[in-house]
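Here's the structure we're looking at; comments come further down.
In the working numbering, the protein residues as written are 5 to 661.
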């Protein structure tokens, strides 16, 4: 008994370590403004809609998006709902290790082997993508399905709980009915071919088959088409289902084509190259499946029960053109949750097939899984020491850098937008704007000239520059520049977030400065030989033309307002003839929509301002008249006599526009 407790304590410690690490990662992404309106925002708004849609809406959500009803339990937390959701998802995903441990003990009769498999699950690298990318409905499926399967194996009264729980797991996200359906088929097959006395298995199997088919039928609109014209069948289906169909399965409207899949043909190529295009597709699909099974040593393929359960996903790979199902993107997003349950249940059964009741063999097999899971985790997990070498380089240090002050500033600005406002143009890293009544409008395409409010954040260039679907394919740099020239007034500038309102003529009612700070290690000197220990060393530089002494590998962004730039430098024997200029440049969008260069600062720096032999702060001021992106800061020179040491620079906004 004590021995069993010890194994659970070790597993609990592993689960705690997993939960702590991933809770930290996901929370830092939230605080670093790196979660998305287009995914996490959909979940938050969907959770609100699920309990504000009337009886019919509730039924629609229950049958195909029941996960949103679970997420709705966090609505009372208000603005802290997003933080709670990412932690909850982490805890929930990791919790599958416990039923995996229990199932492995039953099959392998070895606590050691079961423990190693459960820990292997926690470091299974495809699980990282599910945890990494926001919060999703399907993330709840693996743990619930695996738990329900364990309850069935446990027997007794637990089996009466397992069947409805398994049915409910398929209701979390449309499309997942296939797994209870398949399990039901295996139960009926076992009754027919092996043991006619297993009447509960027959009843459970038939129940799972019938209910799964009914749920699937309802969710694709077949049942509702009985009460409407066939051509309106897809429109009569729950909103979530028609959305899923159009986006991921490429379903086309009309009853006769309701289940057809749009297979995208390969692009036109020169003669002799068409086959190569197909081969590449097959290779990609093979990599997707192969890498998913590699950490578990392909053991699921030995399971008569769960190997066939992988076939629907293989078909999906073959016939769906959606990029998220294919290597390498499959492993960076939520999609591995599709195969998590059959892979790990199949791993346990595959290990049992090899071990044939031998605890020693089972231990060796489980050890092999643990070793391979650890090796692949080293390359493919965000915390893996070799992750930078892999195709799934998460760039963990960059994506988890955060400033809580800037996050709180964004929340303060968002709270200034009236709760009933929906015509809001915002960039994709602001899911905190939701939920709100009719918030689905915000998730669609809002033309900038239709918006009452515009919310812009300049902390991350990615969300500022790229074509944002939430504002009909325009970049927020373009939207904000247009608004500043079209009668929108600045209501607030806080910590890098700006709120614009149509026809607003008052002053800025809320201001909180934000700043950048870069050390020598963050900068690129003109010549790598200039790198010193914590500084850049420029000695006797005679170039013949003006050149930036360093560049920062970051595209800086400036809200309208006044700024100070401070260089941390040392004059180590500079002659008075040395010429230095402090330069700040960037780009704005002109009226014709073209990026136009702008110089915000170009000021001579007299050497007399730099006393010799000690580090000093050289501070200069400049003004940004509009939203400026792709900014850069440097010291410019063509002739340095003596030595100039540069330790870095900082930028601080001192006042709004």
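For every residue, glycine included, the Cβ atom is placed at its ideal position computed from N, Cα and C.
Helix, strand or coil for residue 49, going by three-state DSSP, please let me know.
Of the three classes helix, strand and coil, the one that applies to residue 49 here is helix, per DSSP.
Please report the residue range of the alpha helix (DSSP H) in which residue 436 lies.
Element bounds for residue 436: n/a, residue is neither H nor E.
What separation, rounded to the nearest whole angstrom, lies between the Cα atoms of residue 659 and residue 563?
Take the alpha-carbon of residue 659 and the one of residue 563: they are about 10 Å apart.
Evaluate contact between the region 614-629 and the region 544-560, counting only Cβ atoms and requiring at least three cross-stretch pairs below 8 Å.
Counting Cβ pairs under 8 Å, fewer than three are found: no touch.
Exposure label - residue 359; buried when at least 16 CB within 10 Å:
Result: buried.
Just curious, the alpha helix (DSSP H) that residue 419 is in, first and last residue?
No residue range can be given for residue 419, since it is assigned to no alpha helix (DSSP H) and is classified by DSSP as neither H nor E.
Please identify the residue among 109, 192, 121, 198 whose C-alpha is closest to the C-alpha of residue 154.
Comparing Cα positions, the closest option is 109.
Short of 8 Å in beta carbon distance, which residues of its chain neighbour residue 18, apart from the five on each side in sequence? Order them along the chain.
Correct list, in chain order: 101, 122, 123, 126.
Mind checking whether residue 141 and residue 72 have CB atoms under 8 Å apart?
Closer than 8 Å, so yes.
Does the distance from the CB of residue 587 to the CB of residue 640 come in under 8 Å?
Yes.
Could you check the C-alpha separation between residue 524 and residue 362 for me, to the nearest Å?
Straight-line Cα distance between these residues: approximately 60 Å.
Which one or two residues does DSSP pair with residue 389 in a beta bridge?
The bridge partners DSSP lists for residue 389 come to none.
According to DSSP, what are the bridge partners of residue 73?
According to the DSSP secondary-structure assignment, residue 73 is paired through a beta bridge with no residue.
Do three or more CB pairs link the region 86-99 to the region 26-34 at distances below 8 Å?
Three or more beta-carbon pairs separated by less than 8 Å link the region 86-99 to the region 26-34, which places the two stretches in contact.
For residue 44 and residue 138, I'd like the C-alpha separation in whole angstroms.
Residue 44 and residue 138: Cα-Cα distance of roughly 6 Å.
From residue 310 to residue 290, what does the alpha carbon distance come to, in whole angstroms?
Here the alpha carbon of residue 310 sits roughly 19 Å from the alpha carbon of residue 290.
What's the gap between the Cα of residue 168 and the Cα of residue 105?
Going by the C-alpha atoms only, they are around 22 Å apart.
Which stretch, first to last residue, makes up the beta strand (DSSP E) that contains residue 430?
Segment 428-430, the beta strand (DSSP E) holding residue 430.
Would you mind reading off the limits of the beta strand (DSSP E) that contains residue 628?
DSSP places residue 628 in the uninterrupted beta strand (DSSP E) bounded by 619-628.
For the alpha helix (DSSP H) that residue 366 lies in, which residues bound it at each end?
Per DSSP, residue 366 is one residue of the alpha helix (DSSP H) stretching across 363-384.
Cα-Cα separation between residue 522 and residue 470, rounded to whole angstroms:
Looking at the two C-alpha atoms, the distance is approximately 24 Å.
Beta-carbon spacing of residue 351, residue 114 below 8 Å:
Taking C-beta atoms as the reference points, residue 351 and residue 114 fail to come closer than 8 Å.
Is residue 531 helix, strand or coil by DSSP?
Coil, per DSSP.
Residues in its own chain within less than 6 Å of residue 337 by CB, not counting five upstream and five downstream?
Closer than 6 Å at the Cβ level, and outside the excluded window around residue 337, lie 133, 137, 328.
Kindly indicate which three-state DSSP category residue 616 falls into: helix, strand or coil?
For residue 616, the three-state secondary structure derived from DSSP is strand.
Rounded to the nearest angstrom, how far is the Cβ of residue 429 from that of residue 455, given a contact under 8 Å?
Taking C-beta atoms under 8 Å as the contact rule, residue 429 and residue 455 qualify, at a distance of about 4 Å.
Return the CA-CA distance between residue 499 and residue 506, expressed in angstroms with no decimal places.
Rounded to whole angstroms, residue 499 and residue 506 show a C-alpha spacing of 22 Å.
Assign residue 339 to buried or exposed, taking buried as 16 or more other Cβ atoms, counted over all protein chains shown, within 10 Å of its Cβ.
Residue 339 is buried by the Cβ-count criterion.
Going by DSSP, name the residue or residues bridged to residue 572.
Residue 572 is bridged to 621, 652.
Does the beta-carbon distance from residue 579 to residue 536 come in below 8 Å?
No, they are not a contact pair.
Just to confirm my understanding: we take residue 654, look at its own chain, exclude 5 residues before and 5 after, and list those with CB closer than 7 Å. What are they?
Correct list, in chain order: 519, 520, 521, 570.
Through-space distance from residue 515 to residue 221, alpha-carbon basis
Approximately 54 Å between the Cα atoms of the pair.
DSSP three-state assignment for residue 657, whether helix, strand or coil
DSSP places residue 657 in strand when its eight states are reduced to three.
For residue 438, the nearest candidate out of 449, 527, 425 (CA to CA)
Closest by C-alpha distance to residue 438, out of 449, 527, 425, is 425.
Which two residues bound the contiguous beta strand (DSSP E) that contains residue 607?
Start and end: 599-608.
Name, in chain order, the residues that DSSP records as bridge partners for residue 19.
Answer by DSSP bridge pairing: none, since residue 19 is not bridged.
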